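Chemist: Everything in the sequence shown is counted per the UniProt record's numbering, starting at 1 for the first residue and increasing by one.
Where a beta carbon is used, it is the ideal one built from N, C-alpha and C, also for glycine.
Since we're looking at a predicted model, the values are computed, not measured.
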Amino acid sequence: VGTLHKSLVKADNLDLSDQCREVSGLTPEGLGKAEPLDRVLQQFSQLVSSDLKVLGRSSYTLCSDGQLLIRQVLHPETSKKNFLLSDCFYSFYDLRKEFHTCYPSSAAVKDQTIKTMAEYLGLGTDETEEDFGVWQVKTMVAIIFSMLSESCNHIFTEPETVKYKYETGPCSKSETVDSETVIRARGLPWQSSDQDIARFFKGLNIAKGGVALCLNAQGRRNGEALVRFVNSEQRDLALERHKHHMGSRYIEVYKATGEEFLKIAGGTSNEVAQFLSKENQVIIRMRGLPFTATQEDVLGFLGPECPVTGGKEGLLFVKYPDGRPTGDAFVLFSCEEYAQNALKKHKEILGKRYIELFRSTAAEVQQVVLNRYMSTPLIPTLPTPIIPVIPPPYTIATGSIRDCVRLRGLPYTAGIDDILEFMGDATADIKPHGVHMVLNQQGRPSGDAFIQMKSADKAFMVAQKCHKKMMKDRYVEVFQCSGEEMNFVLMGGTLNRSGLSPPPCKLPCLSPPAYAAFQTAAVIPAEAALYQPQALLPATRTPQASTAAPPTVTYYPAQAAQLYMNYTAYYPSPPVSPTTVGYIAAPPGAVAAAATATHTPILPQPGALVRMQGLPYNTGMKEILSFFQGYQYAPDDYNGLIQLSDQARSVLQAPKEWVCL
Numbered sequence: 001v002g003t004l005h006k007s008l009v010k011a012d013n014l015d016l017s018d019q020c021r022e023v024s025g026l027t028p029e030g031l032g033k034a035e036p037l038d039r040v041l042q043q044f045s046q047l048v049s050s051d052l053k054v055l056g057r058s059s060y061t062l063c064s065d066g067q068l069l070i071r072q073v074l075h076p077e078t079s080k081k082n083f084l085l086s087d088c089f090y091s092f093y094d095l096r097k098e099f100h101t102c103y104p105s106s107a108a109v110k111d112q113t114i115k116t117m118a119e120y121l122g123l124g125t126d127e128t129e130e131d132f133g134v135w136q137v138k139t140m141v142a143i144i145f146s147m148l149s150e151s152c153n154h155i156f157t158e159p160e161t162v163k164y165k166y167e168t169g170p171c172s173k174s175e176t177v178d179s180e181t182v183i184r185a186r187g188l189p190w191q192s193s194d195q196d197i198a199r200f201f202k203g204l205n206i207a208k209g210g211v212a213l214c215l216n217a218q219g220r221r222n223g224e225a226l227v228r229f230v231n232s233e234q235r236d237l238a239l240e241r242h243k244h245h246m247g248s249r250y251i252e253v254y255k256a257t258g259e260e261f262l263k264i265a266g267g268t269s270n271e272v273a274q275f276l277s278k279e280n281q282v283i284i285r286m287r288g289l290p291f292t293a294t295q296e297d298v299l300g301f302l303g304p305e306c307p308v309t310g311g312k313e314g315l316l317f318v319k320y321p322d323g324r325p326t327g328d329a330f331v332l333f334s335c336e337e338y339a340q341n342a343l344k345k346h347k348e349i350l351g352k353r354y355i356e357l358f359r360s361t362a363a364e365v366q367q368v369v370l371n372r373y374m375s376t377p378l379i380p381t382l383p384t385p386i387i388p389v390i391p392p393p394y395t396i397a398t399g400s401i402r403d404c405v406r407l408r409g410l411p412y413t414a415g416i417d418d419i420l421e422f423m424g425d426a427t428a429d430i431k432p433h434g435v436h437m438v439l440n441q442q443g444r445p446s447g448d449a450f451i452q453m454k455s456a457d458k459a460f461m462v463a464q465k466c467h468k469k470m471m472k473d474r475y476v477e478v479f480q481c482s483g484e485e486m487n488f489v490l491m492g493g494t495l496n497r498s499g500l501s502p503p504p505c506k507l508p509c510l511s512p513p514a515y516a517a518f519q520t521a522a523v524i525p526a527e528a529a530l531y532q533p534q535a536l537l538p539a540t541r542t543p544q545a546s547t548a549a550p551p552t553v554t555y556y557p558a559q560a561a562q563l564y565m566n567y568t569a570y571y572p573s574p575p576v577s578p579t580t581v582g583y584i585a586a587p588p589g590a591v592a593a594a595a596t597a598t599h600t601p602i603l604p605q606p607g608a609l610v611r612m613q614g615l616p617y618n619t620g621m622k623e624i625l626s627f628f629q630g631y632q633y634a635p636d637d638y639n640g641l642i643q644l645s646d647q648a649r650s651v652l653q654a655p656k657e658w659v660c661l
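(1) By how many angstroms is the C-alpha of M621 removed from the C-alpha of G483?
(2) So what's N153 in DSSP terms, helix, strand or just coil?
(3) Taking 6 Å as the limit between beta carbons, can you name the residues of its chain near A558, skipping five residues before and five after?
(4) Counting C-beta neighbours from all protein chains within 10 Å, is the total for H436 16 or more, i.e. buried, or is it exposed?
(5) Rounded to whole angstroms, what's the CA-CA distance from L308 to T294? Just pull it up for me.
(6) Figure out for me which residue from L439, A449 and F479 has the closest Cα to the Cα of D457.
(7) Could you check the C-alpha separation between R96 and C88 for me, to the nearest Å?
(8) Look at the alpha carbon of T176 and the alpha carbon of V227, and state the distance between them as a whole number of angstroms.
(9) When the Cα of K278 is compared with those of E233, C335 and L237, which residue comes out closest?
(10) For V250, which residues does DSSP report across the bridge?
(11) The alpha helix (DSSP H) with K53 in it runs from where to where?
(12) Going by C-alpha to C-alpha distance, which of L123, R408 and G434 sits closest to T139?
(13) In chain order, what are the residue ranges of uninterrupted beta strand (DSSP E) at least 3 long that sit wholly in the segment 113–186?
(14) Decide if Y338 is buried, meaning its Cβ has at least 16 other Cβ atoms within 10 Å, or exposed.
(15) DSSP beta-bridge partners for R474?
(16) Enumerate in chain order the residues of its own chain whose CB-to-CB distance from K312 is below 6 Å, with the five nearest sequence positions on each side excluded.
(17) Would a C-beta distance cut-off of 7 Å place L213 and A225 closer than the cut-off?
(18) Consult DSSP for D448 and reduce its assignment to one of helix, strand or coil.
(19) Based on the DSSP output, what are the partners of K255 in its beta bridges?
(20) Among all the DSSP beta bridges, which residues are the ones paired with E224?
(21) Am I right that R241 and V182 are in contact with their C-beta atoms under 8 Å? What's the rounded C-beta distance?
(22) List, from N- to C-terminal side, the alpha helix (DSSP H) runs of 4 residues or more that fit wholly inside the segment 74–99.
(23) Whose C-alpha, out of M471, I349, A342 and G327, is nearest the C-alpha of R359?
(24) By the 10 Å Cβ neighbour count, where 16 or more other Cβ atoms means buried, how is T542 classified, buried or exposed?
(25) By a C-beta neighbour count over all protein chains shown, 10 Å radius and 16 as the cutoff for buried, is A108 buried or exposed?
(26) Determine the contact status of G187 and G223, defining contact as a CB-CB distance below 7 Å.
(27) Need the endpoints of the alpha helix (DSSP H) that Y338 sits in, please.
(28) Comparing C-alpha positions only, which one of D328, W135 and Y103 sits nearest to C152?
(29) Quick one, which of V368, Q366, V298 and G310 has its alpha-carbon nearest T345's?
(30) Taking DSSP as the reference, what is the three-state secondary structure of residue 662?
(31) By Cβ distance below 8 Å, which residues in the same chain neighbour residue 738 in space, the five residues on each side in sequence not counted?
(32) So K465 and A426 are supposed to be a Cβ contact under 8 Å. How far apart are they, rounded?
(33) Going by C-alpha distance, which of S59, M147, R184 and G133 is nearest Y120?
(34) Quick test of your reading: P28 and L16, contact by CB under 8 Å. State the CB separation rounded to the nearest angstrom.
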């Protein structure tokens with residue numbers, strides 16, 4: 001046994017709770033004079049080395065009281081402070097596990113403490129020791145001696161290990177993934193890579209290829225990732241990092257299933273398998289490539305300072321199912337240095353376009369590339385249409401007047417009433433029907449909402465007053481914007497500080513033009529919401545007398561809920577119409593009641609309108625009418641209901657027995 005040393009480590013936060021002061025005897029003044037962690041670890045290494053020389057030994061292995069100190073304290077702290085731990089902290093013995101192995105009749109591992117282990121062996125503990133931590137260490141030494149005695153003859157053979165680095169690799173859909181080993185991390189910075197996520201979980205062992213970044217409808221990261229650990233014990237430790245910080249953002253950590261992980265990370269394509277067969281490669285994703293770019297163009301763009309592994313074999317272009325290029329590609333590099341050189345070319349020009357470069361993962365390669373081989377989408381779409389949507393009696397304001405606000409970062413459980421409560425007195429300045437919730441491709445809340453105010457001044461005041469105000473356990477960002485900017489986002493574009501990015505459906509060669517019928521949002525009968533609530537937001541609550549909003553003002557129509565969906569046909573997600581969410585099973589009476597309440601004429605049921613998908617881009621009206629030849633219609637039923645051009649009206653009024661709308 002070597003000598004006993006004690007060193008205090010300077011804390012980042014010197015505010016100590018009363019309980020901490022009572023148990024430990026520590027004071028802010030004492031901690032303020034302590035050495036930082038890196039110097040204490042350096043002193044530890046030097047002291048142990050000198051003790052080993054005295055004992056005539058050359059190596060040692062740590063033994064700790066459980067795994068929290070090593071996995072949940074030292075590794076995360078040193079990773080956050082950007083210095084390396086010595087090798088001795090990557091292999092250690094868990095005294096609680098070893099004790100239970102030596103004495104199987106003792107308490108379960110999770111219930112073990114130093115005190116209970118000592119009591120089981122009949123050892124006395126001097127808890128009156130004034131120096132905090134000293135009696136625990138002395139007692140641990142006594143416990144280990146008892147385990148090594150001739151009566152027990154315990155042998156420490158299988159130490160716990162901490163992986164030095166995260167290993168990348170492909171995942172097959174045929175693999176069996178234990179649901180007790182998977183978590184979902186939410187709130188990640190959009191530029192986070194698999195290595196950043198592995199660093200967040202530093203000290204815990206992630207399975208090979210166990211980080212799968214989730215993508216949104218445009219093939220971009222959505223701030224979520226599924227992480228697979230080597231066993232359930234590591235997963236449980238990961239769950240304890242819920243709301244720990246990555247930079248300035250806190251990360252939410254929840255349980256997930258193996259099925260969810262395989263949907264994102266699993267794949268079977270020979271092309272992808274061959275591309276990912278070279279292990280321990282750094283993967284970079286290139287976005288925005290000219291559609292005519294060749295392998296030689298990409299290699300020339302990267303240059304000799306960042307050679308691609310295997311030359312052309314280290315490139316993988318992403319294409320649509322019909323073979324057209326998407327403008328994305330994945331590149332393999334053999335080392336971190338080459339990858340860093342490549343990332344320095346972020347937003348450099350190739351041809352007439354600037355190219356974006358990001359770190360990527362094997363799971364992201366499979367998720368993006370393999371989607372074109374699949375007959376079903378990675379993420380399930382909404383239910384099959386049942387009833388048609390009623391056209392809204394109003395339209396969303398457009399123009400450059402900044403009389404709207406955007407709420408970003410809403411809790412996913414937030415409803416209309418939560419937003420009204422969040423805005424407080426400002427609810428009196430909301431236009432009628434002016435609250436617009438935004439759904440994602442799965443028909444779930446996206447965390448965004450738009451609100452139309454009565455004037456630009458009111459919108460400015462709301463943005464100033466409510467920005468970063470808390471709603472439930474999250475802060476919400478509030479930005480002033482215009483009706484035009486609101487429409488851009490609702491139609492699939494992005495709005496950030498650098499300006500507007502048009503929705504993918506407005507870009508050339510990505511998807512066909514939007515139908516005129518889809519230029520306004522769908523309105524859903526409130527009665528319909530009672531039948532399939534899983535596809536909608538939570539039903540609104542009855543306003544209480546204590547709410548700030550005057551009951552006489554209509555902010556949210558009683559008969560309709562505005563739920564917007566991105567309807568782009570942008571790869572890799574399947575196209576979703578903004579009217580899709582409106583196809584909810586409801587009795588015909590609900591439709592008629594909703595139409596009467598809004599004084600909106602309603603089409604005769606059933607089968608009043610049909611929608612056609614998959615039309616050739618050069619299809620004209622005559623070809624569509626010929627396609628429906630032989631089907632009857634009643635022209636008078638549609639008189640004044642649908643706005644038509646003069647040409648279309650002349651065709652419809654001709655003596656025919658068929659019509660297509």
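Modeler: According to the structure data:
(1) Between the alpha carbons of G483 and M621 lies a distance of about 32 Å.
(2) Here N153 sits in coil by DSSP.
(3) A caution first: A558 carries a pLDDT of 34, below 50, which makes its placement in the model unreliable, though a value can still be read off. There are no such residues.
(4) Classification for H436: buried.
(5) Per the sequence shown, residue 308 should be read as Val rather than Leu. Straight-line spacing of the CA atoms in V308 and T294 works out to 14 Å.
(6) For D457, the nearest C-alpha among the options comes from F479.
(7) Across the structure, R96 and C88 are spaced so that their CA atoms are roughly 19 Å apart.
(8) Rounded to whole angstroms, T176 to V227 spans 15 Å at the Cα level.
(9) For K278, the nearest C-alpha among the options comes from C335.
(10) According to the sequence shown, residue 250 is Tyr rather than Val. Beta-bridge pairing links Y250 to H245.
(11) For K53, the enclosing alpha helix (DSSP H) starts and ends at L37 to L55.
(12) Nearest to T139 by alpha-carbon distance, out of L123, R408 and G434, is L123.
(13) Taking 3 residues as the minimum length, the beta strand (DSSP E) runs contained wholly in the segment 113–186 are 182–186, in order along the chain.
(14) Per the 10 Å Cβ criterion, buried.
(15) Bridge partners of R474: M471.
(16) Counting only Cβ-Cβ distances below 6 Å, and skipping sequence neighbours, we find Q295.
(17) It is a contact, given that the beta carbons lie within the stated cut-off.
(18) Three-state DSSP puts D448 in a strand.
(19) In DSSP, K255 forms a bridge with I183.
(20) According to DSSP, E224 bridges with R186.
(21) At roughly 15 Å, the Cβ-Cβ gap does not stay under 8 Å, so R241 and V182 are not in contact.
(22) Runs of the alpha helix (DSSP H) inside the segment 74–99: 75–80.
(23) Taking only the C-alpha atoms, the option nearest R359 is A342.
(24) Caution is warranted here: a pLDDT of 44 is assigned to T542, below 50, making its placement in the model unreliable, and the coordinate value is therefore given only provisionally. If you draw a 10 Å sphere on the C-beta of T542, you find fewer than 16 other C-beta atoms in it, and that means exposed.
(25) That one is exposed.
(26) Yes, Cβ-Cβ distance for G187 and G223 is below 7 Å.
(27) Per DSSP, the unbroken alpha helix (DSSP H) holding Y338 starts and ends at E336 to L343.
(28) It is Y103 whose Cα lies nearest to the Cα of C152.
(29) The residue you asked about is not Thr; residue 345 is Lys in the sequence shown. The residue with the shortest Cα to Cα distance from K345 is V298.
(30) Limits of the chain in this structure are 1 at one end and 661 at the other, which puts residue 662 out of reach.
(31) Nothing about residue 738 can be read from this structure; the chain reaches only from 1 to 661.
(32) Yes, they are in contact, since the Cβ atoms of K465 and A426 sit about 7 Å apart, within 8 Å.
(33) It is M147.
(34) Contact holds; Cβ gap of about 6 Å.
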